[in-house]
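Residue numbers for the sequence shown follow my numbering, beginning at 53 and rising by one.
Think of the CB as a built atom: it goes at the ideal place given N, C-alpha and C, for glycine as much as any other residue.
Given the structure is predicted, the values throughout are model-derived calculations rather than measurements.
Shown next, in structure tokens, is the structure this report addresses.
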Amino acid sequence: MNRLLGVISTLLIFACQEAQQINTYSPPIEIGYFENTFLINDKKNQVKKYIQNTNFFDLVSIKKYSSPDKIIPSLNPKNVSKFIDCGMMNDEVYVDYINRIFDSDLKIKTTILLDSINMNLTKVEVTSEYQFTSIETGTRWNFQTNNPKLILVGTPAYGAEPYRKCLAKNFIENRIIEEIKITVK
């Protein structure tokens, strides 16, 4: 009886290891630096008024104004893969895999920083902070526009690369920049 239990246990262990070895992680491909800074030929206060009246705020909600030089919209999107890229697990988008297996959450806080270059020229910088969380495991990726994050996951698949990389797709930054440029013209 003990011998039979030993054989069954051994078979189960090897069967589980084989199933776990199938998972293969592929990191995202970086596409290069995203230009998130630009100049507008107008006074800073006027640019701020334009920005506050643009249509992209239907996509985000304003949490606060931290100073006269910053506008900080935030977003908690449901379709995570539209906003970030964390590679692939087998043939599945990794963030979708995380959501399916562990449930997930994405929070995005975007800062629109305004800086007067001179009387009629304003520099605008749009930078987002991303927080992607695997709810069940508690694994959290914190990264920013143009600054991807490499994180050691607590329980990678057996034999799999233990590091996962996440980067911004710059969807929100691009949308905000386009709206500002259209509105301020």
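The count of Cβ pairs closer than 8 Å, one atom from the segment 200 to 217 and one from the segment 126 to 134, stays below three, leaving the stretches out of contact. Listed in chain order, the beta strand (DSSP E) runs fully inside the segment 180 to 220 are 192 to 196, 201 to 204 and 215 to 220, counting runs of at least 3 residues. Within the model, the alpha-carbon separation for LYS100 versus THR191 is close to 37 Å. CA-to-CA, the gap between PRO80 and LYS217 works out to about 7 Å. Using a Cβ-Cβ distance cut-off of 8 Å, the segment 161 to 181 and the segment 146 to 153 are not in contact, since fewer than three pairs of beta carbons, one from each stretch, lie closer than that value.
Annotation: ILE232 to LEU166 spans about 12 Å, alpha carbon to alpha carbon. If the five residues before and after VAL236 are omitted, its C-beta is found closer than 7 Å to the C-beta atoms of ILE92, ASP94, VAL99 and TYR102, all from its own chain and listed in chain order. Checking the DSSP bridge columns, you'll see ILE92 partnered with THR174.
Comparing alpha carbon positions, the residue from ASN105, ILE123, GLU230 and PHE135 closest to THR162 is ILE123. The alpha-carbon separation between ASP137 and TYR146 amounts to approximately 8 Å. Between the C-alpha atoms of PHE90 and ILE74 there is a straight-line separation of about 46 Å. Here DSSP, grouped into helix, strand and coil, assigns TYR77 to strand. Bridge pairing for THR162: SER180 [DSSP]. Within the DSSP bridge table, the entry for ILE136 names ALA220 as partners. PHE184 and LYS159 have their alpha carbons spaced roughly 7 Å apart. Pairing TYR77 with ALA212 gives a Cβ-Cβ distance under 8 Å. It is roughly 7 Å from the alpha-carbon of SER186 to the alpha-carbon of ASP157. When the alpha-carbon of GLN196 is set against those of GLY139, ASP121 and PHE135, the nearest one is in PHE135.
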